[in-house]
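K.L.:
Take this structure, written in structure tokens, and hold onto it; I'll ask about it next.
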Amino acid sequence: MGQSANTDQLVHTDQLAKKVILITGAARGQGAAEARQAAERGATVVVTDVLDDAGTAVAKEVGGQYHRLDVTSSGEWRSVMEDVVATHGRLDGLVNNAGIFRHDSILDGNEDNFRLITEINQYGVFNGMAAAAHIMKDQGAGSIVNISSVAGMRGQRAVAYVASKWAVRGMTKSAASQLARYNVRVNSVHPGAIETDMLFDLGTETIDRLVGATPMGRSAKPEEVGNVVMFLLSDESSYVTGAEIVVDGALIA
Ligand SMILES: NC(=O)c1ccc[n+]([C@@H]2O[C@H](COP(=O)([O-])OP(=O)(O)OC[C@H]3O[C@@H](n4cnc5c(N)ncnc54)[C@H](O)[C@@H]3O)[C@@H](O)[C@H]2O)c1
Numbered sequence: 025m026g027q028s029a030n031t032d033q034l035v036h037t038d039q040l041a042k043k044v045i046l047i048t049g050a051a052r053g054q055g056a057a058e059a060r061q062a063a064e065r066g067a068t069v070v071v072t073d074v075l076d077d078a079g080t081a082v083a084k085e086v087g088g089q090y091h092r093l094d095v096t097s098s099g100e101w102r103s104v105m106e107d108v109v110a111t112h113g114r115l116d117g118l119v120n121n122a123g124i125f126r127h128d129s130i131l132d133g134n135e136d137n138f139r140l141i142t143e144i145n146q147y148g149v150f151n152g153m154a155a156a157a158h159i160m161k162d163q164g165a166g167s168i169v170n171i172s173s174v175a176g177m178r179g180q181r182a183v184a185y186v187a188s189k190w191a192v193r194g195m196t197k198s199a200a201s202q203l204a205r206y207n208v209r210v211n212s213v214h215p216g217a218i219e220t221d222m223l224f225d226l227g228t229e230t231i232d233r234l235v236g237a238t239p240m241g242r243s244a245k246p247e248e249v250g251n252v253v254m255f256l257l258s259d260e261s262s263y264v265t266g267a268e269i270v271v272d273g274a275l276i277a
């Protein structure tokens, strides 16, 4: 996957001290990396996923709580948020990271696949923003980071995935406009080829093709996306809202 970056030597700070941050899909991959990075920066982390064993292990590692949260369920969102506010009294950051990828083509007309991906990748993000918005509005502060993809910025062959990731990008800007007056920021992040199960599941041939098309000549570690997410969660990005940040080694440049 090309020469990898050395992310281990980056200095960790108290960038997120006193912040309570909830991350979806945090049992593995980018979400788990972000849970570790946020904890290293002083945040109290709420780890959520549908993979209970892996999620519980990550929460234990970062000294945080685990909650089962299927992002498609508005009921589960409500009960998790009630618990977070009851326990911590606030919610400073939300990373809508959970997502799935499936190959599909418009020629298949696979409605079930389209609905499933829309439910998780699009409706899941909507649910998360809706659940967090009132808490953050009442606090007069908050940061929501929505994980889209380079697939949210161009066409690719997986039509449902592309549609869902464009939707995330659009919803982000809409929510940012609506919540800005309450000092609640909403931004989207657009990863390229990131070394997680989602990428590995594509198989060597596809990964080689993707990395070959990436001008930087390599895929990225999850932490390289995480560093951008940490910035957006922190007060260092206090005037950044409605923005989209591509983290792709110039893949779509
Ligand atoms: N890996 C990449 O190359 C890449 C590129 C662009 C965008 N992304 C996006 O990054 C995000 C994180 O993906 P990843 O790379 O870590 O992949 P991953 O497959 O390792 O992790 C995804 C996580 O989401 C969870 N999840 C799936 N359905 C869920 C649901 N209904 N409710 C709650 N959690 C659910 C999974 O259990 C898993 O822990 C996704 O939104 C993905 O679309 C990934």
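Residues in the sequence shown are numbered from 25 upward in steps of one, following the numbering used here. Built from N, CA and C at the ideal position, the CB exists for glycine as well.
Could you please give the first and the last residue of the uninterrupted beta strand (DSSP E) stretch that includes Tyr90?
P.N.:
That run of the beta strand (DSSP E) goes 89-92.
K.L.:
Taking Thr220 and Gln54 to be in contact with their CB atoms under 8 Å, please state how far apart those CB atoms are, rounded to whole angstroms.
P.N.:
Contact holds; Cβ gap of about 6 Å.
K.L.:
In chain order, what are the residue ranges of uninterrupted beta strand (DSSP E) at least 3 long that sit wholly in the region 80-134?
P.N.:
List check, beta strand (DSSP E) in window: 89-92, 117-120.
K.L.:
Would you check whether ligand 1 has a heavy atom nearer than 7 Å to the C-beta of Leu118?
P.N.:
No, ligand 1 has no heavy atom inside 7 Å of this Cβ.
K.L.:
Is it true that the CB of Val264 sits closer than 8 Å to the CB of Val213?
P.N.:
In this structure, Val264 does not lie closer than 8 Å to Val213 by Cβ.
K.L.:
Sorted by chain position, which residues of the same chain lie with C-beta nearer than 8 Å to Ser98's C-beta, five sequence neighbours on each side aside?
P.N.:
Cβ within range, chain order: Asn151, Ala154, Ala155.
K.L.:
State the beta-bridge partners of Ser243 as determined by DSSP.
P.N.:
Paired residues: none, contrary to the question.
K.L.:
Using DSSP's beta-bridge definition, name the partner residues of Arg209.
P.N.:
Paired residue(s): Ser167.
K.L.:
Quick one: is the Cβ of Ser59 within less than 7 Å of any heavy atom of ligand 1?
P.N.:
Ser is not the amino acid found at residue 59; the sequence shown has Ala there. Not under cutoff, so the answer is no.
K.L.:
When you measure from the CB of Gly148 to every non-hydrogen atom of ligand 1, does any distance come out below 7 Å?
P.N.:
Flag set: Cβ of Gly148 near ligand 1.
K.L.:
Taking 7 Å as the cut-off, is the CB of Ala237 close to at least one heavy atom of ligand 1?
P.N.:
Result no, Cβ not under 7 Å from ligand 1.
K.L.:
Is any heavy atom of ligand 3 found at a distance shorter than 7 Å from the C-beta of Ser201?
P.N.:
By its list of ligands, the structure shown excludes ligand 3, since it contains just ligand 1.
K.L.:
Could you have a look at Leu275 and say whether DSSP puts it in helix, strand or coil?
P.N.:
Three-state DSSP puts Leu275 in coil, outside helix and strand.
K.L.:
Nearest CA to the CA of Lys197: which residue from Asn134, Val149, Arg242?
P.N.:
For Lys197, the nearest C-alpha among the options comes from Val149.
K.L.:
Leaving out five residues on either side along the sequence, give the residues of the same chain with a beta carbon under 8 Å from the beta carbon of Ala41.
P.N.:
Here the set comprises Arg65, Gly66, Ala67.
K.L.:
Relative to ligand 1, is the shortest distance from any of its heavy atoms to the C-beta of Val104 smaller than 7 Å?
P.N.:
Every heavy atom of ligand 1 is 7 Å or more from the Cβ of Val104, so no.
K.L.:
Given a cut-off of 8 Å on the beta-carbon distance, is the pair Met120 and Asn170 in contact?
P.N.:
First, the residue type needs correcting, since residue 120 is Asn and not Met in the sequence shown. It is a contact, given that the beta carbons lie within the stated cut-off.
K.L.:
If you draw a straight line from the C-alpha of His112 to the C-alpha of Arg181, how long is it?
P.N.:
Distance between the alpha carbons of His112 and Arg181 is about 43 Å.
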